[in-house]
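When you read off a place in the sequence shown, starting at 1, and then add 11, the result is the number in the working numbering. Cβ atoms here follow ideal geometry from the backbone N, Cα and C, with glycine treated the same way. The structure appears below as structure tokens.
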Amino acid sequence: SVESPPTAVFVADDEMAMGALRALRRARLRVPEDMSVIGFGGHDKAEVFELTTVVQPLARQGKIAAELLLSLLDAVPDASQNLDASEVVVLPVSIEIRDTTCRPASGTT
Numbered sequence: 012s013v014e015s016p017p018t019a020v021f022v023a024d025d026e027m028a029m030g031a032l033r034a035l036r037r038a039r040l041r042v043p044e045d046m047s048v049i050g051f052g053g054h055d056k057a058e059v060f061e062l063t064t065v066v067q068p069l070a071r072q073g074k075i076a077a078e079l080l081l082s083l084l085d086a087v088p089d090a091s092q093n094l095d096a097s098e099v100v101v102l103p104v105s106i107e108i109r110d111t112t113c114r115p116a117s118g119t120t
């Protein structure tokens with residue numbers, strides 16, 4: 012028994028979060044009463060699982076990625092040239108609060 016057990020888990024991907032939900036149920040833990048679960052991605056099935064998720068702008072990500080790739084291809088006429096293709100692009104995200112999260116029980120930190 013952990014002295015101060017966690018009250019939530021943030022999973023890097025919605026599909027893995029769905030797996031975490033199944034594992035928590037098998038362990039007889041109640042979601043969200045015993046453990047809140049938050050996924051990342053905004054997967055279509057997140058709504059079916061009532062999963063709280065951080066939603067990414069996937070269409071915009073794809074559009075920007077394609078534009079960057081095309082600009083790189085235009086910039087390098089010779090395919091044998093090395094090219095620094097690193098660029099940081101930060102896009103806004105949102106959180107969709109659903110039934111897999113709640114406030115921690117009183118007395119927990």
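Going by beta carbon distance, what residues of the same chain come within less than 8 angstroms of residue 51, once the five residues before and after it are set aside? For this step, residue 51 is matched to residue 40 along the sequence shown. Within the same chain, 21, 22, 23, 24, 25, 28, 64, 65 and 67 come within 8 angstroms of residue 51 by CB-CB distance, once the 5 residues on both sides are set aside.
Proximity winner among 37, 48, 34 and 30, relative to residue 17 (alpha-carbon distances): Taking the sequence shown and counting its residues from 1, the one referred to as residue 17 is at position 6. Here the closest residue by C-alpha is 48.
Taking three-plus beta-carbon pairs below 8 angstroms as touching, is the stretch 32-44 in contact with the stretch 75-89? Taking 8 angstroms as the limit for Cβ pairs, the verdict is that the stretch 75-89 does not touch the stretch 32-44.
Spatial neighbours of residue 46 within its chain, please: CB distance less than 8 angstroms, with the 5 preceding and 5 following residues excluded, ordered by chain position. Sequence index remark: in the sequence shown, residue 46 carries index 35 (1-based). Same-chain partners within the cutoff: 17, 18, 19, 20, 35 and 40.
Minimum C-alpha distance to residue 103 - residue among 71, 110 and 79: Locating residue 103 in the sequence shown gives position 92, counting from the first residue. Check the Cα spacing between residue 103 and each of 71, 110 and 79: the tightest is with 71.
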